[in-house]
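K.L.:
Got a structure for you, written out below as structure tokens; questions coming shortly.
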Amino acid sequence: MSIQIYNSLTRRLEPFETLEPGVVRMYVCGVTPYDDAHIGHAMSAIVFDVIRRYLEYRGYTVHHVVNFTDVDDKVIARAEQLGRDPLQLSGELADEFLAQLRALNVQPATVYPRVTQTIPEIREFIQGLIDREYAYVAGGDVYFRVARDADYGKLSGRSLDEMLSGTRFEVDPRKESPADFALWKAAKPGEPAWPSPWGPGRPGWHIECSAMSIKHLGEQIDIHGGGNDLVFPHHENEIAQSESLTGKPFTRYWVHNGMLQLVNPATRQVEKMSKSLGNVVTIASFLEQYDPDVFRLIVLGSSYRSPLTYNAEIAADHARKLDRLLTGLLPAVGSSEQGPAAEALAQAAAQARQRFGEAMDNDFNTAGALAALFDLVRALNSARDAGVGGASFAAAQGTLRELAAVLGLRLDPAARARGQEIEPLVELLIEVRAELRQARQFALADMVRDRLAGLGITLEDGPQGTRWKR
RNA sequence: GGCGACGUAGCAAAGUGGUAAUGCAGCGGUCUGCAAAACCGCCAUUCGCGGGUUCGAUUCCCGCCGUCGCCUCCA
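Under my numbering, the first residue of the first sequence is numbered 23, with each subsequent residue one higher.
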């Protein structure tokens, strides 16, 4: 059975067949680095990391390209706000994001191209579109002529008529049609700009991905990925640009992940992650508190295409889930390598591997794959209790490690009980200590305070009770 | 309003035209000085609501309700 993969373009599950046998060309839209990366960005990166790891597990060689849109309106606006140089800002943030991806155990892409390093190819691309009359110059801008692209709208399921009738905005008079989009934007004073046949300017959004995809992967690729918020207009426009230039189908399989959404645990209402609500969860802040596997487990627990619900409670649940997985890797206590228990374990390991593959073949059903791993964990713990050890036990643990690694889980034993909120624990000790003081058991009470001090936690007794600080 | 997706136990979340994985939480038991961990068992007659197709639907179709994403330049 081959891998089945859901294609957003056809809205169907399709058998996965690559252009070139054994080789996968995969382009994933990365981020526009204009602010700290949050866990929504991490989700997308992990989704495609897992897809890539599984394809490699199945024997494919994967060429994986992830771009940085390091110059665009948002970057420029943010830089102006901060009084900084736009390219310096986006460069720093991009490097920071790469470091965080490493921390999240995301395998490095084959190449991470940036817009600012792809300007010649972008200019060439645009010129090609102009030559073929798919684009026109207007002032210092260049626009894509949507009307000339017969199947425009095929990815997002919109017709040009619909889009035009829905136009509520004032139309730029230089554009032939409101649906046309910018390929090249003339530079305003003070903005980063590159020379071009149409005057100094910078690439529009959309064009860079088409150009980088062709540059690094060729005219046709197997998988193009990104968040489903990119379906329109970004990916629609990429198809228009690429196919108009080459005359060939651009991407075989469009793969889109669902959005991460915050759910307020009290109200059960979905909240937008926004600075004004003060609820942005950055990758950095998550990793301060939890092992990277915890976030990965959250992502793996549901379908990559569905919305992913997140809140602090869910994070804590998944930290316990990781603890559970890790119990499977605790050492054996016995040493029996044969007998019914050892056989049952070997069988459980084989079954886990099979169920894992079946689940992953079915459009990367990571939740199902994970369920297989949990069953293997129970089998391991059972076998350990039954005295199984030695090579038999090690082999089954090896299977667990191997399959977990395909999902990108590190299963680092040091992650156990790490980073949990210490506040309730300290409060508890304070409460116990108050009882001791009440009972005039001062030696014990002082011991609690001294030992906590040794851990870097200071207690301060006052008239209103005990306060603590780190 | 248009296009798309989703709605399954306290929480998270798979899944299938034939009667509901898995994890967390909870409950009972084994083990333990007592706990913890582990192990064994229990925990949705039911899959947003209402119709329809079918011998049979959570799974297919229609409608409704709810949630989310997107709806070009500019913001």
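Think of the CB as a built atom: it goes at the ideal place given N, C-alpha and C, for glycine as much as any other residue.
Could you please give me the residues that DSSP links to residue 207 through a beta bridge?
P.N.:
DSSP lists 224 as partners of residue 207.
K.L.:
For a minimum of 3 consecutive residues, which ranges assigned as the beta strand (DSSP E) are wholly contained in the region 204-290?
P.N.:
Within the region 204-290, the complete beta strand (DSSP E) runs of at least 3 residues are 223-225, 243-249, 273-279 and 282-285.
K.L.:
In three-state terms, what does DSSP make of residue 190?
P.N.:
Unreliable positioning characterises residue 190 in this predicted model, as indicated by a pLDDT of 48, which lies under 50. The coordinate reading is nonetheless provided below. Residue state, collapsed to three classes: coil.
K.L.:
Using a Cβ-Cβ cutoff of less than 7 Å, which residues in the same chain neighbour residue 301 once the five nearest sequence positions on both sides are dropped?
P.N.:
Same-chain partners within the cutoff: 284, 293 and 295.
K.L.:
Give me the Cβ distance between residue 266 and residue 171, rounded to the nearest whole Å; I'm assuming they're in contact under 8 Å.
P.N.:
Contact flag correct, Cβ pair sits at about 6 Å.
K.L.:
Cα separation between residue 451 and residue 470?
P.N.:
Taking the straight line from one Cα to the other gives about 8 Å.
K.L.:
If I follow the unbroken alpha helix (DSSP H) through residue 403, where does it start and stop?
P.N.:
388-407 is the span of the alpha helix (DSSP H), which, as asked, contains residue 403.
K.L.:
Can you tell me the Cα-Cα spacing of residue 330 and residue 169, whole angstroms?
P.N.:
Those two C-alpha atoms are separated by around 37 Å.
K.L.:
Just the Cα atoms here: how many angstroms apart are residue 214 and residue 432?
P.N.:
One C-alpha to the other measures close to 42 Å.
K.L.:
Beta carbon of residue 276, beta carbon of residue 246: below 8 Å?
P.N.:
Yes.
K.L.:
Once the 5 residues before and after residue 454 are set aside, which same chain residues still bring their CB inside 8 Å of it?
P.N.:
Excluding sequence neighbours, residue 454 sits near 470.
K.L.:
Distance check for residue 203 and residue 69, CA to CA, integer angstroms please.
P.N.:
Using only the alpha carbons, I get a separation of about 30 Å.
K.L.:
Run the CB neighbour count on residue 40, radius 10 Å, all protein chains shown included, and call it buried at 16 or more, exposed below.
P.N.:
Buried, by the Cβ-count rule.
K.L.:
Please classify residue 291 as buried or exposed, where buried requires at least 16 other C-beta atoms within 10 Å of its C-beta.
P.N.:
Flag for residue 291 reads exposed.
K.L.:
Taking residue 411 as the reference, which of 356, 384 and 173 has the closest Cα?
P.N.:
For the residues 356, 384 and 173, the minimum Cα distance to residue 411 belongs to 356.
K.L.:
I need the straight-line Cα distance from residue 49 to residue 142, nearest angstrom please.
P.N.:
Cα to Cα, the separation comes out at about 20 Å.
K.L.:
When you compare the CB positions of residue 316 and residue 340, do they come within less than 8 Å of one another, or not?
P.N.:
Yes.
K.L.:
On the three-pair Cβ rule with 8 Å, is the region 224-242 touching the region 108-122?
P.N.:
With a cut-off of 8 Å, the region 108-122 and the region 224-242 do not count as touching, because too few Cβ pairs lie within range.
K.L.:
Among the residues of its own chain, which have a CB less than 6 Å from the CB of residue 390, if the five just before and after it don't count?
P.N.:
Excluding residues within five positions, the ones whose Cβ falls inside 6 Å are 381.
K.L.:
With a 10 Å radius around its C-beta and 16 neighbouring C-beta atoms as the bar for buried, classify residue 189 as buried or exposed.
P.N.:
Reliability fails at residue 189, whose pLDDT of 48 lies under 50, so the model's placement of it is uncertain and no value is given.
K.L.:
Where does residue 91 sit, in a helix, a strand or coil, going by DSSP?
P.N.:
The answer is coil: DSSP assigns residue 91 none of H, G, I, E or B.
K.L.:
If we ignore side chains and look at the alpha-carbon of each, how far apart do residue 462 and residue 456 end up?
P.N.:
C-alpha separation (whole angstroms): 10 Å.
K.L.:
Per DSSP, what kind of secondary structure is residue 128 in: helix, strand or coil?
P.N.:
Three-state result, residue 128: coil.
K.L.:
Can you tell which of 350, 252, 180 and 146 has the C-alpha that lies nearest to the C-alpha of residue 280?
P.N.:
Closest option to residue 280, Cα to Cα, is 252.
K.L.:
For the putative contact between residue 535 and residue 220, defined by C-beta atoms under 8 Å, what is the C-beta separation to the nearest angstrom?
P.N.:
Absent from the structure is residue 535, since the part of the chain shown begins at 23 and ends at 492.
K.L.:
Give the secondary structure of residue 382 by DSSP, where H, G and I count as helix, E and B as strand, and everything else as coil.
P.N.:
Of the three classes helix, strand and coil, the one that applies to residue 382 here is helix, per DSSP.
K.L.:
Let's see if you can read the secondary structure: which residues bound the alpha helix (DSSP H) around residue 460?
P.N.:
Run containing residue 460: 445-460, per the alpha helix (DSSP H) assignment.
K.L.:
Rounded to a whole number of angstroms, what is the C-alpha to C-alpha distance between residue 458 and residue 468?
P.N.:
Taking the straight line joining both Cα atoms gives about 9 Å.
K.L.:
Measuring CB to CB, does residue 47 end up less than 8 Å from residue 177?
P.N.:
No; because the gap between Cβ atoms is not below 8 Å, this pair is not in contact.
K.L.:
Are the Cβ atoms of residue 93 and residue 133 separated by less than 8 Å?
P.N.:
No, these two residues do not count as a Cβ contact at 8 Å.
K.L.:
Taking Cβ to Cβ, would you say residue 322 is nearer than 8 Å to residue 399?
P.N.:
In this structure, residue 399 does not lie closer than 8 Å to residue 322 by Cβ.
K.L.:
Measuring only the C-alpha atoms, how far is residue 274 from residue 28?
P.N.:
When rounded, the distance between both Cα atoms is 11 Å.
K.L.:
Taking 8 Å as the limit between beta carbons, can you name the residues of its chain near residue 360, skipping five residues before and five after?
P.N.:
414.
K.L.:
For the region 102-169, which segments carrying the alpha helix (DSSP H) assignment without a break, of at least 4 residues, lie completely within its bounds, in sequence order?
P.N.:
Complete alpha helix (DSSP H) runs here, min 4: 108-125 and 141-153.
K.L.:
Whole angstroms is fine: what's the gap from residue 74's alpha carbon to residue 131's?
P.N.:
Their backbone Cα atoms lie some 9 Å apart in a straight line.
K.L.:
For residue 34, which of helix, strand or coil comes out of DSSP?
P.N.:
Strand.
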